[in-house]
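Note that this note's numbering has the sequence shown beginning at 27, numbered continuously upward.
Every residue, glycine too, gets a C-beta built ideally from N, C-alpha and C.
All figures in this text were calculated on a predicted structure; none of them were measured in a lab.
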Amino acid sequence: MMWRARTRSSLLVAILPVVVLSGMAVAGFALALGLLAPRPLPAQGATHGIAVGTALKYGPGFAHFDYADPAAPKGGRIVLSAIGSFDKLNPFSLKGRDPLLLAGLVFESLTVSALDEPIAAYGLLAQSIEFAADKLSLIYRLNPEARFADGKPVTAADVVFSFGVLRSEAASPFYRYYYHDVSNVEALDRHTVRLTFAKENPELALISGQMPILPKHFYGGKDFAADFNTTLLGSGPYVVKDYEFGKFVLFERNPEYWGRQLNVNAGKFNFDEIVIKYYRDETVRLEGLKAGEFDFLAVNSSKQWATDVAGALWDNGYLVKETFKHHNTAGIQGFAFNIRRALFQDRRVRQALALGFDFEWSNRTLFHGQYTANDSYFDNSELAAEGLPSPAELALLEPLRHRVPAEVFTTEMGVDGAPQPIRQRLRQAARLLRSAGWEVNRGVLTESGTGRQMKFTVTLVSPAWLRIVEPYIANLRKLGVRADMKVVDDSIYERIVRTQDFDVIVQTFGQSQSPGNEQRDYWHSSSATIEGSRNVIGIANPAVDALVERIVEAPSRPELLTATHALDRVLWHEYYVVPHWYIAVHRVTYRNKFAYPATLPLYYNPLVHIMMWWYDEARAGELEAAMSDGRPVAAVR
Numbered sequence: 027m028m029w030r031a032r033t034r035s036s037l038l039v040a041i042l043p044v045v046v047l048s049g050m051a052v053a054g055f056a057l058a059l060g061l062l063a064p065r066p067l068p069a070q071g072a073t074h075g076i077a078v079g080t081a082l083k084y085g086p087g088f089a090h091f092d093y094a095d096p097a098a099p100k101g102g103r104i105v106l107s108a109i110g111s112f113d114k115l116n117p118f119s120l121k122g123r124d125p126l127l128l129a130g131l132v133f134e135s136l137t138v139s140a141l142d143e144p145i146a147a148y149g150l151l152a153q154s155i156e157f158a159a160d161k162l163s164l165i166y167r168l169n170p171e172a173r174f175a176d177g178k179p180v181t182a183a184d185v186v187f188s189f190g191v192l193r194s195e196a197a198s199p200f201y202r203y204y205y206h207d208v209s210n211v212e213a214l215d216r217h218t219v220r221l222t223f224a225k226e227n228p229e230l231a232l233i234s235g236q237m238p239i240l241p242k243h244f245y246g247g248k249d250f251a252a253d254f255n256t257t258l259l260g261s262g263p264y265v266v267k268d269y270e271f272g273k274f275v276l277f278e279r280n281p282e283y284w285g286r287q288l289n290v291n292a293g294k295f296n297f298d299e300i301v302i303k304y305y306r307d308e309t310v311r312l313e314g315l316k317a318g319e320f321d322f323l324a325v326n327s328s329k330q331w332a333t334d335v336a337g338a339l340w341d342n343g344y345l346v347k348e349t350f351k352h353h354n355t356a357g358i359q360g361f362a363f364n365i366r367r368a369l370f371q372d373r374r375v376r377q378a379l380a381l382g383f384d385f386e387w388s389n390r391t392l393f394h395g396q397y398t399a400n401d402s403y404f405d406n407s408e409l410a411a412e413g414l415p416s417p418a419e420l421a422l423l424e425p426l427r428h429r430v431p432a433e434v435f436t437t438e439m440g441v442d443g444a445p446q447p448i449r450q451r452l453r454q455a456a457r458l459l460r461s462a463g464w465e466v467n468r469g470v471l472t473e474s475g476t477g478r479q480m481k482f483t484v485t486l487v488s489p490a491w492l493r494i495v496e497p498y499i500a501n502l503r504k505l506g507v508r509a510d511m512k513v514v515d516d517s518i519y520e521r522i523v524r525t526q527d528f529d530v531i532v533q534t535f536g537q538s539q540s541p542g543n544e545q546r547d548y549w550h551s552s553s554a555t556i557e558g559s560r561n562v563i564g565i566a567n568p569a570v571d572a573l574v575e576r577i578v579e580a581p582s583r584p585e586l587l588t589a590t591h592a593l594d595r596v597l598w599h600e601y602y603v604v605p606h607w608y609i610a611v612h613r614v615t616y617r618n619k620f621a622y623p624a625t626l627p628l629y630y631n632p633l634v635h636i637m638m639w640w641y642d643e644a645r646a647g648e649l650e651a652a653m654s655d656g657r658p659v660a661a662v663r
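So, in structure tokens, the structure goes:
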């Protein structure tokens, strides 16, 4: 049976609306969660998995991942939520927005990343992996039991097709950059495919397994960008049973799912139904949680967590409020400049504008002290540069000295100290602006010689950011900068980011535990003018290009760390973003009718962790009884 989703104007009572993220956000489930680019060593013959620089944690025939409970019962439903909208069911095409979780629930890849190993993956569609001794090719042997949801087998021809269509102009440009060094993909027989690499690229042996595999018989010979907005077919554990664009999507667990007995899936995908409901506003969404419209919320707002996720529902145990530790590399979040704009092309201007943001005041006044300031592009990990450059870093940086800021060599990174008072910061900013040729004329910062005023707009997709941006703009006005802010619809926001038509936006650059090919899409000049690339800043810096290539080609973990530290220093001292903050826990609240394994993963996103949760009938029964009686929930084993 071919699964065809359909739009419905009326909803079943049991079905709740749903919200979706942009298609580009989903470069495979593991990718979107930061599980990118581990760097592998050559395998000795065919193996069940592949790791980098160390032995695999899980041996051949392992029973299950430690963070999954194989005894977890199947059944029930969980209703999730998202902000925004969606207008397509193709998570891989360039334009439009697809539903949250669609790519990871409906489609599969050759391998799956282990969430408790930073640099390891195990066979999923692939039964075995064989990395050539010369490091220039890789052979995947597919599981002969693998099937798409229509019952047709997954073959080597599907793998060849997928690498072709997803690296074409019809798909997100991410795949073209990520798999740039895969020069050839060929089917050796029905279940065997060989990938050849254009050059030695240490991470390709692992990231090649992250490519989503699409059915050639379904997607082949049609317009990939236009013909699959309302139809889809994958090999994953769920199918789309129902949806209404912009409102909801209902995923149903496929009872004939081919991989339900695999060890990598043991204890996972336990819900019969996963519903995602879409909301336009965070405040309305929280009220929806309180009203019982959905079951689980990962809270990203410190104010919401501190003041709004509270009250009788939590006091009585109807809703649970909990934090989960993680070890994810934080990456960096910040106000990202579009340096394609002439206004932001002078590094001194960018530095001055960065000095106008008072994190300490914001953290104390707005964030209830919950955050740590970003001081690296790779925070919360060993990838972050510290102190002054090491001799190994200097070996990479010295040839680039004439192309990078002098502070790369002279200013320590990651050094805690007393925060600089905002008045002192603004005085430093004013000096930088004067040196860059800007002066205050009648209260407005004006460029000498041209008369151009320093004006720009911070474009936001959520009104929750208004309270954060407003004091920043107020500080900039003290410098004579005329900054404005506006909130736009998520579909408009997706378009302006994709087409690079903005001044400043809030952007998060997530990082994996082992950076690699995706760095080209973030920072490399080759992606600066490509519509839909993740180089939203527009960086076209030869020094950055050189260091990105050093990361991609690093043959060992120590050399990878050195190259990443060097890149971190250059990006940081170029002031491409106004740095924000990060937090090393996930803040979640959920209806008290679910259970989860005792062991947490190390590297994960809350929505990935949900795939190991299950519906607990005893808890659900006690919750219903307690709410009916108007009493607190009793302890339930």
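### Query
What is the DSSP secondary structure of L120, reduced to helix, strand or coil?
Coil, per DSSP.
### Collapsed DSSP secondary structure at M638 in the structure displayed
Of the three classes helix, strand and coil, the one that applies to M638 here is helix, per DSSP.
### Query
Roughly how many whole angstroms lie between the Cα atoms of E408 and Q539?
Looking at the backbone, the Cα of E408 and that of Q539 are separated by about 9 angstroms.
### Task
Using the DSSP secondary-structure output, state which residues sit across from L486 in a beta bridge.
According to DSSP, which records beta bridges pairwise, L486 is partnered with V513.
### Task
For D642, collect the residues of the same chain with a Cβ closer than 7 angstroms to its Cβ; drop the 5 residues on either side in sequence, then sort them by chain order.
K619, F620 and A621, listed in sequence order.
### Query
Does DSSP put S209 in a helix, a strand or coil?
S209 falls in the strand class under three-state DSSP.
### Task
Rounded to whole angstroms, what's the CA-CA distance from Y269 to D571? Just pull it up for me.
For Y269 and D571, the gap between their C-alpha atoms comes out near 43 angstroms.
### Task
Could you please give me the residues that DSSP links to D215 through a beta bridge?
For D215, which the question treats as bridged, DSSP gives the partners T218.
### Query
When the Cβ atoms of the stretch 244-262 are set against those of the stretch 169-185, are three or more pairs found closer than 8 angstroms?
The stretch 244-262 and the stretch 169-185 touch, with no fewer than 3 CB-CB distances between them shorter than 8 angstroms.
### Task
Quick one: which unbroken beta strand (DSSP E) runs of 3-plus residues sit fully inside the stretch 393-467? Chain order, please.
Correct list: 464-467.
### Task
Label E99 either buried or exposed according to how many other C-beta atoms from any shown protein chain fall within 10 Å of its C-beta, with 16 as the threshold for buried.
Strictly speaking, residue 99 in this sequence is Pro, with Glu absent from that position. With fewer than 16 neighbouring CB atoms inside 10 Å of its own CB, P99 falls in the exposed class.
### Query
What residue ranges within the stretch 109-158 form continuous beta strand (DSSP E) runs of no fewer than 3 residues, ordered along the chain?
Within the stretch 109-158, complete beta strand (DSSP E) segments of at least 3 residues are found at 137-139, 146-149 and 152-157, given in chain order.
### Query
Looking at C-beta atoms only, is the number of pairs between the stretch 223-240 and the stretch 539-557 that lie closer than 8 angstroms three or more?
Contact holds between the stretch 223-240 and the stretch 539-557, because three or more Cβ pairs, one in each stretch, are under 8 angstroms apart.
#### Entry: Cross-strand partners of P263 (DSSP beta bridge)
Secondary-structure assignment with DSSP links P263 through no beta bridge to anything.
### Message
Please report the straight-line C-alpha distance between F254 and D113, rounded to a whole angstrom.
### Response
Using only the alpha carbons, I get a separation of about 11 angstroms.
### Query
Closest by CA to K329, which one among H394, A569 and G536?
For the set H394, A569 and G536, the Cα lying nearest the Cα of K329 is the one of H394.
### Query
By how many angstroms is the C-alpha of R366 removed from the C-alpha of W464?
About 19 angstroms.
### Limits of the beta strand (DSSP E) - the one that Q359 falls within
From DSSP, the beta strand (DSSP E) with Q359 extends over I358 to F363.
### Top-ranked residue by Cα proximity to H606, from T181, A356, F297 and S582
Looking from the CA of H606, the closest CA among T181, A356, F297 and S582 belongs to A356.
### Where T525 falls, given that 16 or more other Cβ within 10 Å makes a residue buried
Its Cβ having fewer than 16 others within 10 Å, T525 is exposed.
### Message
For the pair the stretch 510-528 and the stretch 487-502, tell me if three or more CB-CB distances fall below 8 angstroms.
### Response
Yes, the stretch 510-528 touches the stretch 487-502.
### Message
Checking the sheet assignment: what are the DSSP bridge partners for E348?
### Response
According to DSSP, residue pairing for E348 in a beta bridge involves V614.
### Message
Please report the straight-line C-alpha distance between D307 and A108, rounded to a whole angstrom.
### Response
Rounded to the nearest angstrom, the two C-alpha atoms are 10 angstroms apart.
### Message
At the level of alpha carbons, what is the spacing between D334 and N280?
### Response
If you take the alpha carbons of D334 and N280, they lie about 37 angstroms apart.
### Message
Between which two residues does the alpha helix (DSSP H) holding V325 run?
### Response
Element bounds for V325: n/a, residue is neither H nor E.
### Task
Could you pull out every residue in the same chain whose Cβ sits closer than 6 angstroms to the Cβ of A332, ignoring the five residues on either side in sequence?
Excluding positions up to five away in sequence, the list reads H394.
### Message
Between which two residues does the beta strand (DSSP E) holding Q545 run?
### Response
For Q545, no beta strand (DSSP E) encloses it; the enclosing alpha helix (DSSP H) starts and ends at E544 to W549.
### Message
Tell me which residues share the same chain as V659 and place their Cβ nearer than 7 angstroms to its Cβ, disregarding the 5 neighbours each side in the sequence.
### Response
Only N342, G343, Y344, N618, E648, L649 and A652 meet the Cβ criterion.
### Task
Take Y304 as the anchor and find which of F297, L126 and P445 has the nearest alpha-carbon.
It is L126.
### Task
Determine which residues share a DSSP beta bridge with Y305 and list them.
As computed with DSSP, Y305 is found in a beta bridge with I109.
### Query
Between I556 and F370, what straight-line distance do the alpha-carbon atoms span, to the nearest angstrom?
Answer to the nearest angstrom: the Cα atoms are 19 angstroms apart.
### Message
In the DSSP output, what is S163 paired with across the bridge?
### Response
Under the DSSP definition of a beta bridge, S163 partners with T222.
### Query
Does the beta carbon of G395 come closer than 8 angstroms to any beta carbon on chain D?
Here chain D cannot be found, since the structure has a single protein chain.
### Message
Measuring only the C-alpha atoms, how far is G558 from L392?
### Response
Near 33 angstroms, if we compare the C-alpha coordinates of L392 and G558.
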